[in-house]
Every structure is written in structure tokens, then in C-alpha cells.
């Protein structure tokens with residue numbers, strides 16, 4: 034069994050704990066209650082003949098009156114890889130991309146998929162665990178394949194014809210996850226226009242966000258190329274329609 038800590042430099046808090054653990058009880062007690070030893074977090078890889086385990090673990094120093102200082106270890110995110118079946122099991126159902134980067138970077142290096150590390154952050158954090166497994170197994174080997182797989186894995190985005198080139202520009206310009214597009218695709222006349230607008234401006238005005246809300250309520254579509262005058266006019270028009278509908282349905286609400 035081989036345990037490897039994945040870090041850029043030795044963890045100072047771990048070294049302090051390890052040194053204190055071998056000290057006399059009196060020194061342990063003095064420094065523990067004097068707040069001279071701290072919690073720390075690390076990422077580790079442990080490999081056996083049959084499995085590989087990755088874990089992001091929080092180590093919190095505790096005190097035992099009989100044995101002295103010890104660590105309470107809680108793993109928040111992790112993965113088990115079974116060598117025989119080549120299956121991955123993700124701990125606690127948590128997405129690996131929301132753990133510290135050192136974990137998925139080490140997995141990429143272990144499985145010779147280092148190209149993924151160089152992808153823009155917006156694309157990396159869009160990769161679900163199931164998509165990331167395909168990267169590690171070599172079933173996805175480039176950016177285009179990665180983005181297509183991300184969209185296919187999403188129950189909303191898979192229904193739209195989204196231009197991959199525009200999507201690459203969008204994630205690079207905004208650093209947003211691909212999945213954020215689900216906030217707009219259902220009301221857009223052309224989802225690729227949404228991509229262009231967000232890539233150029235980073236977001237939408239409060240007037241446009243109101244229009245998105247109203248479009249959903251009225252089952253309408255928005256041309257995200259509309260200028261401010263048209264957007265403002267549409268917002269006013271749809272707001273009045275919504276108020277009429279509310280007045281018609283008001284008697285249905287009884288208190």
C-alpha cells in the first residue's frame with residue numbers, strides 16, 4: 034500500500050502536528066490548549082494491488098486525556114478506482130470538479146489525460162463525474178468531444194443545436210459553467226445569439242432579466258439581439274399582459 038500526499042509543498046500544519054505527536058504529554062497538552070497546532074486539509078492518493086483511492090480530507094487536532102493529541106479525519110470528497118473492473122466510485126455523490134484542483138489534476142496525470150488540465154476553467158468545472166470518467170478512460174480526447182459530451186449529459190442542453198466554437202469562446206470569456214446556459218435556452222429564439230451576447234458583454238441588464246422571467250410566464254421567445262429600446266418596450270408590453278392575467282385569476286385565490 035502506497036500513500037502519496039498531493040501538494041505543491043510540504044504542509045506546514047501537518048509537519049507541526051507530526052512533530053508534536055512525538056513530544057512528551059506535558060508539551061502536547063501545553064501546545065494543544067495554547068492553540069499552537071491547527072486544522073489542515075490535504076489531498077492524498079492511496080494505492081493498493083486492487084484499488085486506487087483519492088481523498089480530500091480535513092484533519093482537526095483533538096485532545097485525549099490518556100493518549101494525548103490525535104487527529105479527527107473527515108473526507109469531504111473522494112473517489113475509488115477498482116483496477117480489475119476499471120470502475121470509478123465517487124464518494125458522497127459529490128462532483129470532483131468542486132474539490133480542490135490538486136485532486137482531479139493528479140487523476141489526470143495518473144491516467145495520462147493531462148490535456149484536460151490545460152482546458153479553460155469554465156469547461157473543466159462543467160465536466161460532471163460521468164463525463165470526467167470518459168476523459169480518464171481516453172474516450173474523450175479533445176475540447177470538442179468534451180463539450181459535446183457535457184451538453185449531451187445535460188437534460189436541457191441536449192435538446193438544442195449549440196455551436197461548439199461559440200461555446201468555447203463563451204466559457205473562456207465568462208469563466209462560467211456550460212450549464213448556466215439553461216437559464217436562457219428555453220426562451221431564446223437562437224441560443225447561439227445568447228452565447229455571442231454573453232461572450233461580448235458578460236451578462237444581461239436587469240431589464241433583459243425581467244424579460245426572461247416574463248417570457249417564461251407567457252411562453253414567449255426572445256431575440257437576444259434586440260436593442261435597448263425594443264427590450265424596454267417588450268418588457269412594458271409583457272408586464273401589462275401579466276397584470277391582466279393576474280387580475281383575471283385573482284378570484285381563484287381565497288384566503
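In my numbering, the protein residues as written are 34 to 288. Beta carbons are placed, not taken as given, at the ideal position from N, Cα and C, and that holds for glycine.
Option in the options with minimal Cα separation from residue i
i: residue 199; options: 238, 245 and 233; result: 233
i: residue 73; options: 94, 67 and 216; result: 94
i: residue 88; options: 45, 169 and 110; result: 110
i: residue 107; options: 115, 119, 124 and 114; result: 124
i: residue 211; options: 60, 154, 137 and 261; result: 154
i: residue 133; options: 76, 208 and 144; result: 76
i: residue 222; options: 209, 68 and 252; result: 252
i: residue 268; options: 241, 215, 250 and 256; result: 241
i: residue 256; options: 239, 280, 218 and 273; result: 218
i: residue 57; options: 90, 214, 228 and 98; result: 98
i: residue 120; options: 260, 220, 165 and 156; result: 165
i: residue 135; options: 90, 271, 249 and 188; result: 90
Spatial neighbours of residue i in its chain, beta-carbon cut-off 6 Å, leaving aside the 5 residues before and after
i: residue 65; result: 96 and 102
i: residue 79; result: 36 and 86
i: residue 299; result: Outside the displayed span of the chain (34 to 288) sits residue 299, for which this structure offers no information.
i: residue 146; result: 168 and 169
i: residue 141; result: 147, 149 and 150
Separation of residue j from residue i, as counted between CA atoms
i: residue 230; j: residue 92; result: 45 Å
i: residue 237; j: residue 277; result: 27 Å
i: residue 179; j: residue 168; result: 8 Å
i: residue 245; j: residue 196; result: 22 Å
i: residue 46; j: residue 235; result: 40 Å
i: residue 128; j: residue 162; result: 6 Å
i: residue 122; j: residue 160; result: 16 Å
i: residue 113; j: residue 207; result: 33 Å
i: residue 247; j: residue 262; result: 17 Å
i: residue 216; j: residue 139; result: 33 Å
i: residue 190; j: residue 51; result: 50 Å
i: residue 82; j: residue 243; result: 57 Å
i: residue 173; j: residue 209; result: 21 Å
i: residue 274; j: residue 280; result: 10 Å
i: residue 194; j: residue 181; result: 10 Å
i: residue 59; j: residue 67; result: 12 Å
i: residue 260; j: residue 186; result: 34 Å
i: residue 156; j: residue 213; result: 12 Å
i: residue 228; j: residue 177; result: 16 Å
i: residue 192; j: residue 220; result: 13 Å
i: residue 250; j: residue 271; result: 9 Å
i: residue 105; j: residue 126; result: 22 Å
i: residue 258; j: residue 226; result: 7 Å
i: residue 188; j: residue 34; result: 41 Å
Per-residue burial, residue i [other beta carbons within 10 Å of its own, 16 or more giving buried]
i: residue 63; result: exposed
i: residue 158; result: buried
i: residue 131; result: exposed
i: residue 224; result: buried
i: residue 31; result: The chain is shown only over 34 to 288; residue 31 falls outside these bounds and no answer can be derived.
i: residue 282; result: exposed
i: residue 203; result: buried
i: residue 175; result: exposed
i: residue 137; result: buried
i: residue 184; result: buried
Sequence-distant residues of the same chain with beta carbon closer than 7 Å to residue i, five excluded per side
i: residue 100; result: none
i: residue 84; result: 113, 114, 115 and 116
i: residue 144; result: 169
i: residue 61; result: 53, 101 and 102
Residues that DSSP places opposite residue i in a beta bridge
i: residue 74; result: 91
i: residue 102; result: 96
i: residue 112; result: 87 and 123
i: residue 255; result: 221
i: residue 79; result: 36 and 86
i: residue 166; result: Partner(s): none; residue 166 has no beta bridge.
Contacting residues, own chain, Cβ-Cβ under 8 Å from residue i (five flanking each side not counted)
i: residue 265; result: 240
i: residue 70; result: 46, 49, 50, 53, 64, 94 and 102
i: residue 44; result: 38, 73 and 75
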